[in-house]
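Q: Numbering (the working numbering), first residue to last: 2 to 411. What follows is a structure written as structure tokens; I'll ask about it next.
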Ligand code: PLP
């Protein structure tokens, strides 16, 4: 397998935070779907910017202002290249996935979705790709239609064909589930929607950090993702959109930078993407995200995907040996996210137990309460991996799950 050459230990030393003990045990960080750790290269890029180049962007003629602008725009170009966007102007900097989706719902949605129109979302969406559409639907009188998931945590393309109608005006779906790890059949969904001129937004929060992403090949109309889930800093992310949509969309927020000319009673708008970047942006965040992308590209996204598949298969095999575990999601095409429950043990108790052993996992509804409701559970425990995790960590994690079985006395 290509991953034989992948040595996570080579990268681990780049992540200072991983080199510590928690409750006297080496930290095992398995909460990467929530946020990832940052390599020294990212931390240093941010520090270097503040120590050498800090100034506001697109405003000053002085040297620092020009340098800051150049670094900020270089980061935009890196993001465009990373997802194979045709042009850097199709990348709007946002706070992250949540803001990117809210931007589309508020701007394109309010301008073009009318009473009686239908918006298709799936039942497995993170609240970030559900609530903005609920708010929009309530505001304009549109209706949400829901793409169901089955007992394997998968979406059947046939049900998409079934609920798609002449009233469908928009489709918003996650590329990869943050609960099941399922990689959805988004290419087929996009192709069908496009036969009817319906745009599709992909929530790429979980996919962009872990899978090679090519927006031209996917042909998605919008793609939202977050820097902090891909080794970058918090508070920065991006929205990619096809140029025709960005051109026809009204501004999302008003303020500095997004204008061309302003009179007391009216204004005209800056060109894209600046039309959507009101106010001083997160300059250091953008630069940090650019450094994270450099880091990922040096390793190669294909290598990362393959290695994570290997880790996930390894973990699933071992976890399936523990009969007290229920694992949610069984898609053949999946990412490095495993949700589970240990008998009737509350995920918070299990998570606390694991934390005592230095293992960080997530416990809760994962901002996907409709999934929990459908599964008739309150919460799950979730382990999610990234390029710096190892099989040895998984071995210790599985050992501790076995200890938990004894501790909670089945
Ligand atoms: N969508 C999915 C699938 C996610 O997993 C997350 C974060 O967990 C989000 C959206 C929201 O991302 P952010 O909080 O970075 O905006």
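We put the beta carbon where it would ideally sit given N, CA and C, even for glycine.
If I measure Cβ to Cβ from residue 47 and keep anything under 6 Å in the same chain, skipping five residues before and after, which residues do I get?
A: In the chain shown, residue 47 corresponds to position 46, counting from 1. Cβ within range, chain order: 285 and 289.
Q: Can you look up residue 145 in the DSSP assignment and give me helix, strand or coil?
A: Residue numbering aside, residue 145 sits at position 144 when the chain shown is read from its first letter. In the structure shown, residue 145 sits in a strand (DSSP, three-state: E or B).
Q: Taking the alpha-carbon positions, what's the residue 306 to residue 400 distance?
A: Mapped onto the chain shown, residue 306 falls at position 305. Mapped onto the chain shown, residue 400 falls at position 399. So the two alpha carbons sit approximately 25 Å from each other.
Q: Once DSSP output is grouped into helix, strand and coil, what is the label at residue 191?
A: Against the chain shown, residue 191 aligns to sequence position 190. Residue 191 falls in the helix class under three-state DSSP.
Q: Which partner residues does residue 395 have in the DSSP bridge list?
A: For the purposes of this step, residue 395 is taken as the residue at position 394 of the chain shown. For residue 395, which the question treats as bridged, DSSP gives no partner whatsoever.
Q: Can you give the beta carbon distance from residue 171 to residue 154, rounded, assuming they're within the 8 Å contact cut?
A: Numbered from its first residue, the chain shown carries residue 171 at position 170. Numbered from its first residue, the chain shown carries residue 154 at position 153. In fact, because the Cβ distance is near 24 Å, the residues do not count as touching under 8 Å.
Q: Per the DSSP calculation, residue 281 is bridged to which residue(s)?
A: Counting from one through the chain shown, the residue named residue 281 turns up at place 280. In DSSP, residue 281 forms no bridge with anything.
Q: Per DSSP, what kind of secondary structure is residue 69 in: helix, strand or coil?
A: Taking the chain shown and counting its residues from 1, one reaches residue 69 at position 68. Reduced to three states, the DSSP call for residue 69 is helix.
Q: Report the rounded CA-to-CA distance for residue 370 versus residue 37, giving the unit in angstroms.
A: Counting from 1 along the chain shown, the entry for residue 370 is found at position 369. Counting from 1 along the chain shown, the entry for residue 37 is found at position 36. Roughly 23 Å between the two C-alpha positions.
Q: Hey, could you find the ends of the beta strand (DSSP E) residue 119 is sitting in?
A: Position 118 of the chain shown, counted from the start, is the residue given in the question as residue 119. Residues 119-123.
Q: DSSP three-state call for residue 365: helix, strand or coil?
A: As a first step, residue 365 is located in the chain shown; it is residue number 364 there, counting from the start. Looking at residue 365 - three-state DSSP - the assignment turns out to be strand.
Q: Report yes if the C-beta distance between residue 173 and residue 122 is below 7 Å; otherwise report no.
A: Translated into the one-based positions of the chain shown, residue 173 becomes position 172. Translated into the one-based positions of the chain shown, residue 122 becomes position 121. Contact flag set, yes.
Q: The beta strand (DSSP E) with residue 340 in it runs from where to where?
A: Translated into positions along the chain shown, residue 340 becomes position 339. Start and end: 338-343.
Q: What residues are listed by DSSP as bridge partners for residue 30?
A: Stepping through the chain shown from its first residue, residue 30 is reached at position 29. BP columns for residue 30 point to 361.
Q: Terminal residues of the continuous beta strand (DSSP E) containing residue 383?
A: As a first step, residue 383 must be located in the chain shown, where it is residue number 382. Looking at the DSSP string, the run of the beta strand (DSSP E) that includes residue 383 is 381-385.
Q: Check whether the stretch 307-325 and the stretch 147-167 touch, using three or more Cβ-Cβ pairs below 8 Å as the test.
A: The stretch 307-325 vs the stretch 147-167: no contact.
Q: Going by C-alpha distance, which of 185, 111, 362 and 159 is nearest residue 35?
A: For the purposes of this step, residue 35 is identified with residue 34 of the chain shown, where counting begins at 1. Among 185, 111, 362 and 159, the Cα nearest to that of residue 35 belongs to 362.
Q: Measuring only the C-alpha atoms, how far is residue 25 from residue 356?
A: Locating residue 25 in the chain shown gives position 24, where the first residue counts as 1. Locating residue 356 in the chain shown gives position 355, where the first residue counts as 1. Each residue's alpha carbon lies about 11 Å from the other.
Q: Quick check: is any heavy atom of ligand 1 less than 6 Å from the C-beta of residue 25?
A: The residue you call residue 25 lines up with position 24 of the chain shown. Every heavy atom of ligand 1 is 6 Å or more from the Cβ of residue 25, so no.
Q: Would you call the stretch 128-147 and the stretch 332-343 in contact, with 3 or more CB pairs under 8 Å?
A: No, because fewer than three Cβ pairs between the stretch 128-147 and the stretch 332-343 fall closer than 8 Å, the two stretches do not touch.
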